[in-house]
Each structure stands twice: as structure tokens, then as C-alpha cells.
Amino acid sequence: MQRQRSLLILILVLIIAAFTVIATIPIPLGLDLRGGSQLTIQVKPSAEIPKITERELEGVKKVVEGRINGLGVSEPVIQTVGTDKILVQLPGVNNPEQAERVLGGTAQLEFRTQKPNTETQLLAFQASRAELKAKQEELRKSTDKAAIVKNQEDLQKSNQAIAELFESTNPPLIGKYLKDAYGEPTQGNNWNVAIRFDQQGGQLFANLTKNLAGTGRSIGVFLDNELISAPTVGIEFAAAGISGGSAVITGRFTAQEANDLGVQLRGGALPVPVEIAEIRTVGATLGKDSITSSIYAGIGGLTLVLTFMVVYYRLPGLIADIALLIYALLTWATFALLGVTLTLPGIAGFILSIGMAVDANVLIFERTREELQAGKSLYRSIESGFYRAFSSILDGNVTTVIACAALFWLGAGLVKGFALTLALGVAVSMFTAITCTRTLMFLAYTIPALKKPELFCPNLPTNQAEVAQ
Amino acid sequence: MKLSINKSRSLWWAISSAIILAGIISMVISWQNPNIKAPLRPSLDFIGGTRLQFERDCTKPGNCDQPIDINVVREVAKAQGLGDSSIQIVADRGTGAENGILIRTKNLLPEQRSNLQNALSEKVGTFDEQKNQFDSVGPTLGQELFTSGVIALIVSFAGIIVYLTFRFQLDYALFAIVALLHDVFITAGIFSIFGLVLGTEVDSLFIVALLTITGFSVNDTVVIYDRIRETLKTNPNGAIADIVDDAVNQTLGRSINTTFTTMLSLFAIFLFGGETLKNFALALIIGFTAGAYSSIFIASTLLTLWRERNGQSVVVSGESIDTSAGN
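Line by line, the protein sequences give chains A and B. So the number in the working numbering is just where the residue sits in the first sequence, counting from 1, plus 5. So the number in the working numbering is just where the residue sits in the second sequence, counting from 1, plus 13.
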């Protein structure tokens, strides 16, 4: 009984922990439940870049991030999917047309010349823009949409004002001439950003730098019309410009900053076309309706299953019901702990797992009944019910998990959520069916009023079970 | 009551074959149908396209006084060059009033979409932005989704064969897969018929449903196999047909109850779970029923036939649990 007692304590601790987790960590809702837009952007290979690698994808992602920031959406999620896709989630956006237009185009990187006598202006503009950007970061954490939009407009004006201080070269030095860009460490703790042009680009860059060398005016590096870097050129290049096609942007960068700028430049240099492969938008009210109906479905399913178990299996059924409630609680807490985003199919997986979670108990109880009918004592019957049902439970659950694993690895988006919730459900149900039910069964057995075989199995032929003990 | 499943096995096979055959015929007809051109009616998840759903804002006075005239909607779509779109008037789930429009068309650009929305809004009333729903899937992505779904099915089949061969024996594993294919075919067949008769479409959740059916059906089969293996171990010389009959009967209560409790959850999803999950729940209801049936009547009877033909001197796998313990 010592073992039972410690298990009972473990279960109690888990229940309390689960309640705490559920109370403190909210489960994030998927866009299909809270409303918003989800876009899948596909990066397509081109003649110049026949194969999309992780490096290219990272670059495009950076560009997409920059564009999303320009949209002024709160809590956007941007992640790469597979080898050539980027998933963008924009909560609360009901009319994604703007996002689609902004995200769909190829990135525009351009090196421009600063207009004469605008040095002080540029410094002032850059300072105010940095302020606005910091504020935007702050606002993004809040849900004050109006303030975000307002600040975004200011930021756009500021970007526009900065852009007006620069002019394109003729012909323009654009991203397609850029071959590579990457952060590289210098002596000391600083990092530089190295850039390399192709032959034609190198020529254009030499001209550009020759004009600017020693003037104090800077090269404006623009990505999607936003200034991302403004290096100046030293006087020593006044004669021939920076020739040879490669250059280094110095500026006391940290490793992180240098790398970011490198990725941004590479993304902008990519001549790879992007395409919105998929867009799903759900209105906020529609999402709320879905939550309500899922709650009905969940409560409905749970109630029916609980009732059936008590009616059919009597006392063990009641015990299984308690285990099932613990199951639901623990699974919910696991979702919260692992940060599972709840989607509609995910909820379906959860509800379905409630129905399937009783399977292990059904197997055990059926076995227990058989043993009782075969004339074994109550204790032995319960014991061997658990023992003999175990291999079936294990085999059955492993096969389900195999199917879930295939879904998780090969499925996309919503499908993944379903596979994960179902697999977690199966794992937790193994634990509750075997440990919780077992502990509670033996606990019931120690209470004399409950130690009656007919409570475990109706219509036993005789009372020989009691005698055999 | 004792079920002698092996006595009338040709009957069980005939029932299954008839349903599968009906499904296959329906698939062929679907394939010939110029509107479907596939064994099952694919949703835009697979073929790409745009689906728009609008609902009128009835909080505005006078906005919902007139019912939506589907012909007006068709006119508007035609004027936008979308004459071949499928258009439906849908009822609001809460009130039952027909205030929603569902349009399925080829892939639309953002501009085309907002043009359509504005034109429609002008004719039938203001829409509630909060209830709009757009889905747009490019054709390449749809193809990819379909391929990865099919690969997921094949991979999980292979995984199950390996696991069952390891835990039981190869012939057990193969017949479990036959039972699985049976369930998948029946579900797909019935959905093909639905597609022809009711216009039901299959989306990516349908593939999820098939995979879940796979897991569940094997689960069911494994429980019976487990019993067969256990009995074979204590009684290696018994007639295989009797052993299988006994195993099925001993596990019958469990099979019925488990299927029943799962069905309770599924019917709850089917009735209350909302539009998106309705077809998903329906596929699972059909598949799980087929799964319970195939474990009892197909996988076990095939195993019997196989072992009768090949003699019973097959060594029982050493993986089985020690049945003498606990007694």
C-alpha cells in the first residue's frame, strides 16, 4: 500500500500543478479562432538562383519582416516553413489586401547618393526616426491599435522625408548587382559588413563612391524605399572610387547588427520572385462562434462518455471518469506548458482523444470482469486486468502515435496542430489510465463498503469470488 | 451469445466488397465528370482557388429586410468576369436566416476580391467585416499539400507494418494493413458518393481523418491479435478458426464499447463543432465504423484463412507477455 500512497500523492501534486499552470499560462488561440489573416509566401527559384537555400530564405524572411513592420500590425508571427516558404500570421487583420500587395513583390534594394547640403537634416531625421521606431516596439506589445497605426503613419512620413534627401544614380545601382553581403569580425570587438558586387555593379559602385568620397555625404542603402544604412566614403577614394567590386561598411557594429544588415542586404539583392501561395482570413466574430461551438462539442462529448462509463461499468466506470477528468486537466496543462497554439482541428483532436482515452480503461475493466467471471478473487482480478491489458494498450497507442508522427512531419499548418494534440493526448491517457485508474481502484478496494465484486461486475454467477480469497 | 465469424466469412467479405465496389464505381464516375475530374471532389485546398464568405450586418436598420437573391449575386459575379463561379446562399447558424453568401472561384487578386466584395455589398446590403472569411490557395501549394498527405499515409502504413512485424509477425502486420486499406477505401468511396450526390468536398482535413482512421483501426485490430497470440500460446494445437472466433468474442465487448465512446465524442463534434469540422467528424464516424467492422470481420477471418492454408506450425512470437503471471 506504500506504493499506492506515494502514487496518490504524485497524482494530487500533478493535479495542483495542472491547475496552477492553467491559471497562469494562457493557451494562445490560432487565427482560425481569434480572427485574422494567415499568409504563406512561397519563394520561387529564378534563372539567377535556381535553388532556394536556407541562406536565401533567411534573407527573404528579413525582407518580409521589414515589410510587416511597415504595416503596423500588433503581434505578427513570421516564420520559415520547410525549404521555400514563409508563414506570416497577422492577428486581427480582416482585410488582408494591403498585406498581400506589400508582401507579394520582389524586394527592392538600391544604393543612392545623398543630395548636397543635407547632412544636418539627415542626422535630425534619423534621430527622430529612431525614436519613432523605439516607440513602435513598445506599442507593438500593447493592443492599442489606433496608437500603432498613428505611429506607423509618422514613421512612414519620416522614411519618406529621409528618402527625399537621396537620389538614384544613373543607371541606378540596384540589388541585382549585389552578389553577397555578410558580417565579418575585425580586430577588437567590432564587426564590419562586407559587400561584393558583380562586375557591372562594381563599376557603378566605383562611380558612386568617387562622387561621394570626402564630401561627408553618405551612400543611402535603401531596402523597399527605407534607409537601412548610410555609410560615408573616405577622402582617399576621391580619385578612383572604391573599385574592384568589393567594399566594407565599418561602423562599430555588434556581431548581431552586422549579421542583420548582411541578411537584409542579401534579401534585398535576391532576384527571387515571391508569391502569396495561400491566404486564409477569418473574421473575429466568426472565430468567436467557433470557440463557442467547440466548447459545446467538448462538454457534450465529455458528458456522454462519462455517463456511459458509470452506467456500464459501475464503480470502475466512476473511477475511470475521475481518471478521465484528470486526463483532460493534465492534457490541457501540457498544451499550456508546451505553448501549443489551439486551432479548430486541435480542439477536434482533443475532443476525439477524450473518446479514445477511455479505451485503455475499457480494456482493463473488460479483462477484470472476465477474471471475476472465471472465479478469481477481486484483488487478483483487478491486478491481472491491468497486467494483461497492458500489452494491448501499448500496441494500440504506439500505432496511433506512428500515424501522428507521420502527420506531424509531413503535414502543414493546421494538420500539425491536430497531430500534436492527438499524440499528447494518447501519451497522457496512457499515464492516467494505468496509473490513476489503478491507484484509485486499489484505494477503493481498501474501503470495505466498496470491496464488493458486484460493484465491479454486475450479474456475477455466484459469490465464489469472495470464497476463493 | 457467441459469434462464429469464420463460418460466414464469405458473407462479411461480400458486404465489404459491395461497399468498396460502389465507392470505386462512384470514383470512376467522378473522374469522368467534367466538373470534378478526380475520384473525389477536391476542395480548393488541393486544386487552388479562392473562397469568399460574406455575411450581411443585420444590426444595421433595413440591411436584412430583403432576402438575398442568388440571381443578383450571379449577375454581379458575371459582371466581374466570374460567371463560372459556384455561388451559394448560406444560413446563419444562430438565427437560421439566409444572410450569407459563399462564392468559390478561380484564384483572385486582392483587387479583384475587393471589387467583388464592394459590388456585391452595393446590391445586397452591407457586410459585417467581422464575419468575412477568405481562403485563397495557389495551385502549386494545393498539389504539394496533396502529395505530402499521400506520403504521410504511406509512411504511417510502413511504420505500422514494421512495428506490428516486430511485436507480432509479418502475416499479422500484412492483414492489419489489408484491414486498414479496407477502411480507407470505404471512407474514400463513401465520400466520393457524397461528392457526386451532395457536392461534398474533401479538404486537407480529410487526409488527417484518413490517418486518424488508420491509427484507430489498427488499434482495434491489435487488441484482437493480442488475444489470438495469447490463446495460441496456451493452446498451440487448437483449430485456428476456433481460436480466432474465441478471441473475437472475448474482445467484442471492448470493441463495441470503445467504438461507442469514441462515436459519442464524434457525434458531439459533428453536431456542435461547426461547419469546418462537420465533414471531418463525418469521415471519422464512417472510418471508425468501418475500422471496428474490419478488425472483427476482415483482419481476423483473413488471418484464419491464411493460417489454414499454410498450416499452423508457425512459431508464436516471443514478444508476447507471460500469461501465467498474475494467476
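Idealized CB from N, CA, C, for every residue including glycine. Quick caveat: nothing in here was measured; it's all calculated off a predicted structure.
Proximal chain A residues relative to residue i, where beta-carbon distance stays under 8 Å
i	result
residue 141 of chain B	288, 290
residue 2 of chain B	For chain B, the structure presents residues 14 to 340; residue 2 of chain B sits outside this window and is missing.
residue 149 of chain B	281, 283, 284, 285
residue 273 of chain B	313
residue 282 of chain B	302, 306, 353, 356, 357
residue 126 of chain B	102
Buried versus exposed, by CB contacts within 10 Å (16 or more), residue i
i	result
residue 211 of chain B	exposed
residue 97 of chain B	exposed
residue 270 of chain B	buried
residue 18 of chain A	exposed
residue 196 of chain A	buried
residue 219 of chain B	buried
residue 38 of chain B	exposed
residue 16 of chain B	exposed
residue 310 of chain A	buried
residue 473 of chain A	Residue placement at residue 473 of chain A cannot be trusted, given a pLDDT of 42 that sits under 50; the coordinates are not used to answer.
residue 73 of chain B	exposed
residue 60 of chain A	exposed
residue 142 of chain A	exposed
residue 320 of chain B	buried
residue 106 of chain A	exposed
residue 179 of chain B	exposed
residue 196 of chain B	buried
Closer than 9 Å at the beta carbon, the chain B residues around residue i
i	result
residue 409 of chain A	169, 224, 225, 228
residue 368 of chain A	236, 264, 267, 271
Residue j beta carbon less than 8 Å from that of residue i
i	j	result
residue 291 of chain A	residue 144 of chain B	yes
residue 20 of chain A	residue 334 of chain A	yes
residue 231 of chain B	residue 183 of chain B	no
residue 226 of chain B	residue 260 of chain B	no
residue 138 of chain A	residue 170 of chain A	no
residue 131 of chain B	residue 63 of chain B	no
residue 161 of chain B	residue 58 of chain B	no
residue 213 of chain A	residue 200 of chain A	no
residue 208 of chain B	residue 61 of chain B	no
residue 51 of chain A	residue 286 of chain A	no
residue 277 of chain B	residue 306 of chain A	yes
residue 304 of chain B	residue 239 of chain B	no
residue 127 of chain A	residue 167 of chain A	yes
residue 415 of chain A	residue 165 of chain B	yes
residue 186 of chain A	residue 267 of chain A	yes
residue 313 of chain B	residue 18 of chain B	yes
Closer than 7 Å at the beta carbon, the chain B residues around residue i
i	result
residue 459 of chain A	None at all; the shortest Cβ gap to chain B is about 18 Å.
residue 106 of chain A	123
residue 349 of chain A	289, 290
residue 397 of chain A	235, 236, 239
Option nearest residue i by Cα separation, candidates the options
i	options	result
residue 11 of chain B	A:149, A:47, A:75	Nothing about residue 11 of chain B can be reported from this structure: the residues present for chain B run from 14 to 340 only.
residue 288 of chain A	A:68, A:29, A:64, A:96	A:96
residue 98 of chain A	A:114, A:91, A:80	A:80
residue 124 of chain B	A:116, A:100, A:215, A:83	A:100
residue 118 of chain B	B:91, B:178, B:199, B:40	B:91
residue 428 of chain A	A:371, A:378, A:362	A:362
residue 113 of chain A	A:325, A:341, A:269	A:269
residue 163 of chain B	B:70, B:221, B:141, B:175	B:221
residue 9 of chain A	A:443, A:61, A:457	A:443
residue 308 of chain B	B:228, B:76, B:252	B:228
residue 152 of chain A	A:78, A:36, A:451	A:78
Inter-residue CB distance, residue i and residue j (contact presumed, cutoff 8 Å)
i	j	result
residue 93 of chain A	residue 108 of chain A	7 Å
residue 283 of chain B	residue 294 of chain B	4 Å
residue 352 of chain A	residue 299 of chain A	5 Å
residue 424 of chain A	residue 409 of chain A	5 Å
residue 117 of chain A	residue 163 of chain A	So it is not a contact: roughly 17 Å between Cβ atoms.
residue 38 of chain A	residue 358 of chain A	So it is not a contact: roughly 18 Å between Cβ atoms.
residue 35 of chain B	residue 206 of chain B	7 Å
residue 86 of chain B	residue 133 of chain B	7 Å
residue 177 of chain B	residue 171 of chain B	About 11 Å; that fails the 8 Å criterion.
8 Å Cβ cut-off: residues of chain B touching residue i
i	result
residue 47 of chain A	151, 153, 154
residue 360 of chain A	274, 275, 276, 277, 278, 279
Any non-hydrogen atom of the ligand NAP within 7 Å of residue i CB
i	result
residue 299 of chain A	This structure lacks the ligand NAP; in fact it carries no ligand of any kind.
Residue i: contacting residues in chain A (beta-carbon distance under 9 Å)
i	result
residue 145 of chain B	99, 100, 286, 287, 288, 291
residue 180 of chain B	396, 399, 400, 403
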